[in-house]
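Position one of the sequence shown corresponds to residue 65 (this note's numbering), numbered consecutively onward. Every residue, glycine too, gets a C-beta built ideally from N, C-alpha and C.
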Amino acid sequence: MAKYLVIVESPAKVKTIKKFLGKNYEVAASNGHVRDMPKSQLGIDVEHGYEPKYITIRGKGDILANLRKEVKKADKVFLATDPDREGEAISWHLSKALKLEDKDIHRITFNEITKNAVKASLKQPRDIDMHLVDAQQARRVLDRMVGYRISPVLWAKVKRGLSAGRVQSVALRIICDREEEINAFIPEEYWSLDAVLKVEGEKKPLTAKFYGDENGKIVIHSEKELKEILDHLEGAHYKVLSVKRGERTKKAPLPFTTSTLQQEASKHLNFSTQKTMRLAQQLYEGIDIKGNGTVGLITYLRTDSVRISEEAEALAGAYISENYGPEYAAKDAGTKKNNNKIQDAHEAIRPTDIERTPVKVKESLTRDQFRLYQLIWNRFTASRMLPAQYETISVKIGAGIYRFQVSASKIKFQGYMSVYSLDEEKAESTFLAKSLDEDSVLTCLETDPKQHFTQPPAHYTEASLVKSLEELGIGRPSTYAPTITTLLGRRYIVKEKKNLYVTELGEVVNHIMKEAFPVIVDEHFTANMESLLDSVEEGSIEWKTIISNFYPDLESAVETAEKEIAKVEIADEVTDVICEECGRNMVIKYGPHGRFLACPGFPDCRNTKPYYEKIGVSCPKCGKDVILKKTKKGRKYYGCIDNPECDFMSWQKPYKDKCPDCGGYMVEKGNKIVCADEQCGYVMDKPKEEEN
Numbered sequence: 065m066a067k068y069l070v071i072v073e074s075p076a077k078v079k080t081i082k083k084f085l086g087k088n089y090e091v092a093a094s095n096g097h098v099r100d101m102p103k104s105q106l107g108i109d110v111e112h113g114y115e116p117k118y119i120t121i122r123g124k125g126d127i128l129a130n131l132r133k134e135v136k137k138a139d140k141v142f143l144a145t146d147p148d149r150e151g152e153a154i155s156w157h158l159s160k161a162l163k164l165e166d167k168d169i170h171r172i173t174f175n176e177i178t179k180n181a182v183k184a185s186l187k188q189p190r191d192i193d194m195h196l197v198d199a200q201q202a203r204r205v206l207d208r209m210v211g212y213r214i215s216p217v218l219w220a221k222v223k224r225g226l227s228a229g230r231v232q233s234v235a236l237r238i239i240c241d242r243e244e245e246i247n248a249f250i251p252e253e254y255w256s257l258d259a260v261l262k263v264e265g266e267k268k269p270l271t272a273k274f275y276g277d278e279n280g281k282i283v284i285h286s287e288k289e290l291k292e293i294l295d296h297l298e299g300a301h302y303k304v305l306s307v308k309r310g311e312r313t314k315k316a317p318l319p320f321t322t323s324t325l326q327q328e329a330s331k332h333l334n335f336s337t338q339k340t341m342r343l344a345q346q347l348y349e350g351i352d353i354k355g356n357g358t359v360g361l362i363t364y365l366r367t368d369s370v371r372i373s374e375e376a377e378a379l380a381g382a383y384i385s386e387n388y389g390p391e392y393a394a395k396d397a398g399t400k401k402n403n404n405k406i407q408d409a410h411e412a413i414r415p416t417d418i419e420r421t422p423v424k425v426k427e428s429l430t431r432d433q434f435r436l437y438q439l440i441w442n443r444f445t446a447s448r449m450l451p452a453q454y455e456t457i458s459v460k461i462g463a464g465i466y467r468f469q470v471s472a473s474k475i476k477f478q479g480y481m482s483v484y485s486l487d488e489e490k491a492e493s494t495f496l497a498k499s500l501d502e503d504s505v506l507t508c509l510e511t512d513p514k515q516h517f518t519q520p521p522a523h524y525t526e527a528s529l530v531k532s533l534e535e536l537g538i539g540r541p542s543t544y545a546p547t548i549t550t551l552l553g554r555r556y557i558v559k560e561k562k563n564l565y566v567t568e569l570g571e572v573v574n575h576i577m578k579e580a581f582p583v584i585v586d587e588h589f590t591a592n593m594e595s596l597l598d599s600v601e602e603g604s605i606e607w608k609t610i611i612s613n614f615y616p617d618l619e620s621a622v623e624t625a626e627k628e629i630a631k632v633e634i635a636d637e638v639t640d641v642i643c644e645e646c647g648r649n650m651v652i653k654y655g656p657h658g659r660f661l662a663c664p665g666f667p668d669c670r671n672t673k674p675y676y677e678k679i680g681v682s683c684p685k686c687g688k689d690v691i692l693k694k695t696k697k698g699r700k701y702y703g704c705i706d707n708p709e710c711d712f713m714s715w716q717k718p719y720k721d722k723c724p725d726c727g728g729y730m731v732e733k734g735n736k737i738v739c740a741d742e743q744c745g746y747v748m749d750k751p752k753e754e755e756n
């Protein structure tokens, strides 16, 4: 009979942790939160000290019943939920739901699911940290108040099914503000001017960029200004005025935090924030590695810390010295002062064992798991290495009163870039002839003017939005992915290629929020609220003080909004599909299971149809449209819109062009286009503009 019970959040961890502990230990999972405020009401007693009302979450009754049985058998109970505020709160809720007050209970945390970490945590049990619990309760109550008091206003004034949120509404405002900047942007003309110069004794010509005149930098605003400069340069003598040679270093990157992992995975792997977090959770909880059983591959994935444990630091130094050479290992790897105290008990995201290289585990991982693990492993290893070193050269060239300049660099010591070198860094290494000096004779072969226009700010991508939210201090690592997912799910924003665009619905909701609830969507207020929650965690502020200061103002703003805001109508998106019952053009509606077609004549005509997303490809069998469909289990596939008359289907996305070798249809596979007929075997690279 087991004497000790360890309760974790996820069933995936049970298998991993069970094999680390002896037969005296039983491991069970709570499947996340077991208690929450009721969905049907606010669930906060605003009249009596803002006490939240907690009930068992629907569907968790059986889980709690099984846990109670295990608790009865155990002498000691270890609550081993995640090492953050949310995990602390789950442990507290478990202690209440399972009535553990009279039991011998201990809270344990580990940053990685490895044998050493789990066993070490059992030697350092502690009590539940109520400051952490209260910080999470404060966040939950604030979010509930904003959502449950403002969302009904949006239902009444716009349409049902909308929502407001403390972090979500600020994120929407940030995207809308950028959209307004882009729409209001007026391009300005400017010109660049290059001089292509022949250096005596050198085969390759030199391209120098126009800088200005002897008094300083000049921006060429118009063709007229350019012509004046070109007239002066006519017949001018080009001379090297100075050559400066030097060195510069490029520091190794810091290891990943949640935010930087989401940004880099979006930029370089084209993963959404939600996908990145899902894959990272799998790598953290444990993967079945051939020959090793189930192993947690990375440390905890929700963190703003770049700290690394001394043990991991020492192992990384030894690995780098052995595999790359002692000259690559940093003696004192860079760290960054962390302003947010909240999760500095954590480490950065790193591999649990640097010896477990991506190549060694590739066979046991899916393609996407492997790509994310490789990114994390490379970044961590690089962060423990010395900076890259470049030789630099800067040349100033005179032509009459005007000045041109050339800057170039060449890598001298790769340092961390031998492991973690991204595309923009690879393109950096260019160099000039060593023989170039102040006596070099230059001849101008040609001048190359180009017209340019200033560009508007870029649309937000998931990566750049996460970066902005982090810089502004809005939200926390665990909130970025769900915030973006909610905005997309509510149809406030849409994602095309990588860019995020605001919909008409998003603009309307943002306008109402700015007009009626300016404090809620004020980024400084939201960032200040995060720092107040940090103060609750430190024990310097009582959590209900924050709530009691916040709620009366919110209530007053809601009452004003209900009276003063006018109702807004959002037009449905009209399609070219004709309703066969009444002849009207059907419109796209949004239901709990996604989009569907409905007749705008409702309630007189109640005709609805499934909405099929056309992919812009003709069916290889009958020539009608190919559409994206889903099986009953939710797996995507591609089929003919004329099904069941036409039985064409493909698991891979069909490509618009036919196979040049056999004339059959082709499909997309990753960044390749391949013939669907394996006997043909034709393969080509996907055109660059289509890759995203």
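What whole-angstrom Cβ distance do residue i and residue j have, given they're in contact under 8 Å?
i    : j    : result
S185 : I172 : 4 Å
Y676 : K693 : 7 Å
A740 : V747 : Rounded, the Cβ-Cβ distance is 12 Å, inconsistent with contact.
D457 : R312 : At residue 457 the sequence reads Ile, which differs from the Asp that was named. That belief does not hold up - the Cβ atoms of I457 and R312 are roughly 11 Å apart, past 8 Å.
E764 : R149 : Residue coverage of the chain in this structure runs from 65 to 756, which leaves residue 764 outside it and unanswerable.
P319 : I372 : 6 Å
A235 : T547 : 5 Å
C683 : F712 : 5 Å
A545 : M341 : 5 Å
I584 : V210 : 6 Å
Between the C-alpha atoms of residue i and residue j, what's the straight-line distance to the nearest angstrom?
i    : j    : result
C643 : A144 : 56 Å
I239 : N334 : 20 Å
L257 : G464 : 15 Å
S74  : A630 : 46 Å
R467 : I461 : 6 Å
A796 : K314 : Given that the chain is displayed from residue 65 to residue 756, the structure contains no residue 796 and the question cannot be resolved.
I576 : Y729 : 49 Å
D191 : Q200 : 17 Å
I605 : M194 : 13 Å
R435 : K720 : 28 Å
E637 : D749 : 36 Å
V135 : A591 : 41 Å
A378 : T507 : 56 Å
E560 : S528 : 15 Å
P521 : G280 : 28 Å
A491 : V197 : At A491 the pLDDT is 47, less than 50, meaning the model places this residue with poor confidence; the figure from the coordinates comes in the next sentence. Near 49 Å, if we compare the C-alpha coordinates of V197 and A491.
H296 : S504 : 22 Å
L480 : E587 : The identity of residue 480 in the sequence shown is Tyr, whereas the question assumes Leu. Their backbone Cα atoms lie some 37 Å apart in a straight line.
Looking at the secondary structure, which residues open and close the alpha helix (DSSP H) in which residue i lies?
i    : result
V463 : Residue 463 is actually Ala in this sequence, not Val. Segment A452 to A463 is the beta strand (DSSP E) holding A463; no alpha helix (DSSP H) there.
Y392 : Unbroken run through Y392: none, as it is neither H nor E.
D168 : That residue, D168, is in no alpha helix (DSSP H); its beta strand (DSSP E) goes D168 to R171.
P422 : P422 to V425
G265 : Premise fails: G265 is in no alpha helix (DSSP H) and is neither H nor E.
P75  : P75 to K82
I384 : E374 to N387
D432 : R431 to S447
Could you check where the beta strand (DSSP E) with residue i kicks off and where it finishes?
i    : result
Q469 : Y466 to F477
H516 : L506 to F517
Should residue i be flagged as near chain B, meaning a C-beta pair shorter than 8 Å?
i    : result
S485 : The chain labelled as chain B is not found in the depicted structure, where only one protein chain is given.
Got a sec: does the ligand FAD put a non-hydrogen atom nearer than 7 Å to the Cβ of residue i?
i    : result
Q453 : As for the ligand FAD, it is missing from this structure, which has no ligand bound.
So, do the region 78-97 and the region 176-183 have three or more beta carbon pairs nearer to each other than 8 Å?
The answer is yes - the region 176-183 touches the region 78-97, with three or more Cβ pairs under 8 Å.
Below 8 Å, can you find three or more Cβ-Cβ pairs linking the region 239-257 to the region 265-272?
For the pair of segments examined, the region 239-257 was found not to touch the region 265-272: the number of CB pairs separated by less than 8 Å stays below three.
In chain order, which alpha helix (DSSP H) runs of at least 4 residues are fully inside the region 566-653?
Listed in chain order, they are 568-580, 587-602 and 607-628.
Report yes or no: do three or more beta-carbon pairs, one from the region 348-364 and one from the region 561-570, lie closer than 8 Å?
Not touching, per the Cβ criterion.
Please confirm if the region 509-525 is in contact with the region 204-216, defined as three or more CB-CB distances below 8 Å between the two stretches.
Look at the beta carbons and you see the region 509-525 not touching the region 204-216: under three pairs across the two are nearer than 8 Å.
Which ranges would you report for the alpha helix (DSSP H) in the region 105-160 if only whole runs of at least 4 residues count?
Listed in chain order, they are 125-137.
Does the count of Cβ pairs from the region 436-456 and the region 382-391 closer than 8 Å reach three?
Output reads yes: the region 382-391 touches the region 436-456.
If contact is defined by three or more beta carbon pairs under 8 Å, each pair taking one atom from either stretch, is the region 577-588 in contact with the region 624-632?
Contact between the region 624-632 and the region 577-588 is present, because at least three Cβ pairs lie under 8 Å.
Would you list, in sequence order, the uninterrupted beta strand (DSSP E) runs of no fewer than 3 residues that lie entirely inside the region 658-739?
Complete beta strand (DSSP E) runs here, min 3: 658-662, 672-674, 677-682, 689-694, 700-704, 718-722, 729-733 and 736-739.
Does the region 132-151 come close enough to the region 104-115 that 3 or more CB-CB pairs lie under 8 Å?
Segments in contact, no.
Could you name each continuous beta strand (DSSP E) segment of 3 residues or more that falls completely within the region 275-355, going from the start of the chain to the end?
List check, beta strand (DSSP E) in window: 302-314 and 351-353.
Say whether the region 364-378 touches the region 533-542, bearing in mind that this needs 3 or more beta-carbon pairs closer than 8 Å, one atom from each stretch.
By the Cβ test, the region 364-378 is in contact with the region 533-542, since at least three Cβ pairs between them sit closer than 8 Å.
Counting beta carbon pairs with one atom in the region 410-427 and one in the region 320-334, are three or more of them shorter than 8 Å?
Contact between the region 320-334 and the region 410-427 is present, with at least three C-beta pairs closer than 8 Å.
Taking one C-beta from the region 343-354 and one from the region 415-434 each time, how about it: are there three or more such pairs within less than 8 Å?
Touching, yes, given that three or more Cβ pairs across the two stretches are closer than 8 Å.
Going residue by residue through the region 157-232, where are the continuous alpha helix (DSSP H) segments of at least 4 residues, counting only ones entirely within it?
List check, alpha helix (DSSP H) in window: 179-186 and 194-221.
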